[in-house]
Amino acid sequence: MTATDATEPGTGPADDTSTDVAPAHRHPKAHQRAGRLGRWIDSRTGIARVGRGALNKVFPNHWSFLLGEIALYSFVVLLLTGIYLTLFFDADSTGMTTYDGSYGPMQGVQVSEAYNSALEISFDVKGGLLVRQIHHWAALVFVGAIVLHLCRVFFTGAFRRPRELNWVVGCTLFMLAVVNGFAGYSLLDDQLSGTGLRIGYSVLISIPVIGPWLGSLIFGGNFPGDDVIARLYPIHILVVPLLIIAMLTVHLTVLIRHKHTHFPGKGARDDNVVGERLWPTYVFKAGALFFCVFGALALLGGIAQINPVWLYGPFRAEDVSSASQPDWYMGWLEGALRLMPGWETRIAGFTIPNPFYAGVVPAAIVFGGLYAWPWIERRVTKDHAEHHVLDRPRDVPWRTAIGVGVLAFTGVLGFAGSDDVLVVTFGLSVNQAVWFFRVALFALPVISGFVAYRLCIELQRRDGPPPLPTVPVPDTETDGSAGTQDPALVGDAGGGQRHDGSDPADA
Amino acid sequence: MPDEQPQRRPGGGETFPAVAFALAIVAVIGFVAVYFGSADTQALGIFAFVCLMGIGVGMATWAKRFLSPAEPEVEDRGRLASTEEEIAAFHADFDAGEYQLERRSLLGKLLVGAVAATGLGALVPFLSLGPNPKSSFKETPWSPGARVVDEQGNPVAATSINTDGILTVFPEGQVGDEFAQTLLIGVRSEAFVPASGRESWTVDGVAAFSKVCTHAGCPVGLYQAAQGLLLCPCHQSTFDINNAAEPIFGPAAVPLPQLPLSVDADGNLVADGSLSAPPGPGFWNQNRQ
Ligand code: FES
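Sequence lines, in order, name chains V and W.
Heads up: the first sequence at position 426 corresponds to 425 in numbering that gives the first Met the number 0, and the numbers run straight through without jumps.
Heads up: the second sequence at position 1 corresponds to 0 in numbering that gives the first Met the number 0, and the numbers run straight through without jumps.
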């Protein structure tokens, strides 16, 4: 392993050799027992060889590298709490029953078995409400941490070669997380989730050519259909989680293969990793973070009410709860539906209905743009080199400006998704609010992008001249000079990675 | 044991992490006690929080006091790509195997074709998931002579709807049906302008429109009688009831379908035909026969 190669010439811990033998002196008995079991395993797997490399693996240290970890730990919490909930939940939206649990206002009401079991978990299973609420909060934090992690990766250019693959896998994880969040809160068959499902159905059938078939196949006929909740359940608890686990496995394997990126400074170069060793420092920090994330979610689940389905009531086709708010990560899609003017297209007797333009097109553009970004950026920069040292956001003002603009765009849509709440809060008319958001949707991204751009330039100016260029890993795709580090390339490639404000591609 | 001293850095104390871990154990006891007692959600949550945070904070402070290296570690990143020789060797081995297959290239193509066809064929059973949407999407739930009933299934007399009043109704036997839900509205006769050909569709100042929003299907239930506007709570589409329920604001692009009404011998409302268009949100071939 390269790890040991690097630590031996004096850069590693001073007591490198003494730590290797110390445990044997300290706890001879325990050491022998562990040794026997260890030898049994090792002689069948050769684990010690690999394991030593893992122990010495170096992880760079920066708070923003924890965002992805928070997402991972929220996912673990989702699995743990989700398994518990499946033991009580009944995904049957067609069988009706008369509610007779301990929530007074709902007693005697005809409800579906799904809604009934959601209420049972909330009021009659000891600890059930805590687990349910932790699960819901964990889902919100999961998607939130993914979005922040994605922003970190975007603004620091961590998606550049060789990490394009992990960028694509990460975007897929983001989509899967959103899909599973929506599927999850649609299961409870309450008024709010029924309304969400209905809108989802309408957006689905608005897709040209395949839309009606998709709607019919997923819902088992017209909305509401008898089957959709029974079908969403295995999708929510089995299919998507398995896909997430598969994608996570790829994501983390590739991460280990690449070794983590690091910020410039402290001797960080493109051919090394500067940070802390896995054992024990990183293990303890990661473990601590897991328990802190779990603890924070437990507190939220205990004291912060979330998705009180008993207040929404069971789903009935002819009712709708006004001012109903979807989970936060669906808000921007809801906002797009609200801001869209009443247009639709009719060509040769065919119709492209309004929800397609608002519900499908923006999502397709945002996710399509996300997936394609590493290649879009490369077209502009012509930068094919490997990068392991991160950009600071100010280093690439035009990328930062675009990122800020996209965040502003989706942010305005998200707020527009709550415009009825804002209307009540600020005493506007719905008409005024919608027009305000329509203007803001296009003005704010431009303004905020421009401000971000100027800010980057200003920060760069205060930094003074850029630090010395880093040593690049030779680019085998273009120069083919495998294994040799041509001194003539060093300054050129290193210097070319930094973009100043006069970059021609800033449009 | 001098060999374990270098790991410790001066000034560190064990007290804080020890207290945190101990607190975690105490919190578990509290959690269990609450579970067997009141099972109060907030108390359970707070004990779970103290327990998990105790472990987490304890680990973090322990790591900080004893484990952080003074100097950052440096590891060689190694090379990612294979060398030219490795790639060449791979090609050589691959070609050696491929050579044996080459002369049977037709077989190879057939194999790929067979696997692909099998994969596509395996998708066909998924069509069992739902009916062909062609028929079901265009059904209109009302038929001529269908009795109008309210949410309890009782017939509705035309006189029971006052001016400015509204009532959600269904065709008899379809109470609660998503696409059949219809709104009776007591319109103001001086403001209401029936669309041409629909002059006889109202009875005693009662008009009937589909309650399913043409945008994304929400029930349009907020009636502003003074302006004759019907509002959808989902995305604020606004329909002008006095002008054939044309959309005047929001994302809806087509009017709410209207139901022609008449009365039976008992003075109760019945449908005098089907809806003027299929109700609900649009789809690409909605106007094709
Ligand atoms: S469903 Fe009525 S406005 Fe969208």
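Glycine residues also receive a C-beta, built at the ideal position from the N, C-alpha and C atoms.
For V/L336, the Cβ falls inside the 8 Å cut-off from some heavy atom of the ligand FES. Within the chosen limit of 8 Å, the ligand FES reaches the beta carbon of V/I198 through at least one heavy atom. By a beta-carbon distance limit of 8 Å, V/W136 does not contact V/I351. Their separation comes to about 38 Å. Shown here for V/E343: same chain residues with a beta carbon closer than 7 Å to its own, the five before and five after excluded, namely T350, I351, P352, N353 in chain order.
Relative to the ligand FES, W/Q235 has its C-beta within less than 8 Å of a heavy atom. For W/V18, the uninterrupted alpha helix (DSSP H) run begins and ends at 14 to 35, by DSSP. Judged by beta-carbon spacing, W/L268 lies beyond the 9 Å limit of W/A115, meaning their Cβ atoms are not closer than that value. Cα atoms of V/L203 and W/S199: separation of roughly 37 Å, rounded to the nearest angstrom. At least one C-beta of chain W is nearer than 9 Å to the C-beta of V/E333. In this structure, V/V429 has its beta carbon at no less than 8 Å from each heavy atom of the ligand FES. Residues of the same chain with a CB within less than 6 Å of the CB of W/A42, apart from the 5 flanking positions on each side, are V33 in chain order. Residue contact with chain W for V/I217: present (Cβ-Cβ distance below 9 Å to some residue of chain W).
Separation of the CB atoms of V/E317 and W/Q151 is rounded to 12 Å, and the pair is thereby denied contact status at 8 Å. One Cα belongs to V/P464, the other to V/V365, and the distance between them is close to 35 Å. When 7 Å is used as the limit between beta carbons, W/G44 is near these residues of chain V: L129, A297, L298, G300, G301, I302, in chain order. W/N267 has W/A156 as its beta-bridge partners, per DSSP. Using a Cβ distance threshold of 9 Å, V/I228 and V/A53 do not count as a contacting pair. DSSP, reduced to helix, strand and coil, places V/I305 outside both helices and strands of the structure shown, so it counts as coil. V/N271 is bridged by DSSP to W/D75.
W/A215 has its CB nearer than 8 Å to a heavy atom of the ligand FES.
For V/P223 and W/E177, the gap between their C-alpha atoms comes out near 7 Å.
Secondary structure note for W/D239: it is in no alpha helix (DSSP H), and the uninterrupted beta strand (DSSP E) holding it is 237 to 239. The straight-line gap separating the alpha-carbon atoms of V/K381 and V/I375 is approximately 10 Å. In this structure, W/G220 has its beta carbon at no less than 8 Å from each heavy atom of the ligand FES.
Excluding five sequence positions before and after V/L231, the CB atoms of its chain that fall closer than 8 Å to its own CB belong to A90, A182, S185, L186, given in chain order.
Shortest Cα-Cα distance from V/R51 to any of V/A407, V/D41, V/V168 involves V/D41.
In this structure, the ligand FES has a non-hydrogen atom nearer than 8 Å to the beta-carbon of W/A251. Ranked by how close their Cα comes to the Cα of W/P280, the residues W/D239, W/V262, W/P218, W/A264 have W/P218 in first place. Taken through DSSP and simplified to helix, strand or coil, W/E245 comes out as strand. For W/T181, the beta-bridge partners assigned by DSSP are W/V168, W/S209. A Cβ of chain W is located within less than 9 Å of the beta carbon of V/A316. If you look at V/L66, you'll find it in the alpha helix (DSSP H) that goes 65 to 85. Shortest Cα-Cα distance from V/V411 to any of V/V208, V/G301, V/L79, V/V445 involves V/V445. At least one CB of chain V lies nearer than 9 Å to the CB of W/T167. Taking V/Y98 as reference, the option from V/G294, V/V108, V/A400 with the minimal CA-CA separation is V/V108. Rounded to the nearest whole angstrom, the C-alpha separation of V/G264 and V/Q459 is 16 Å.
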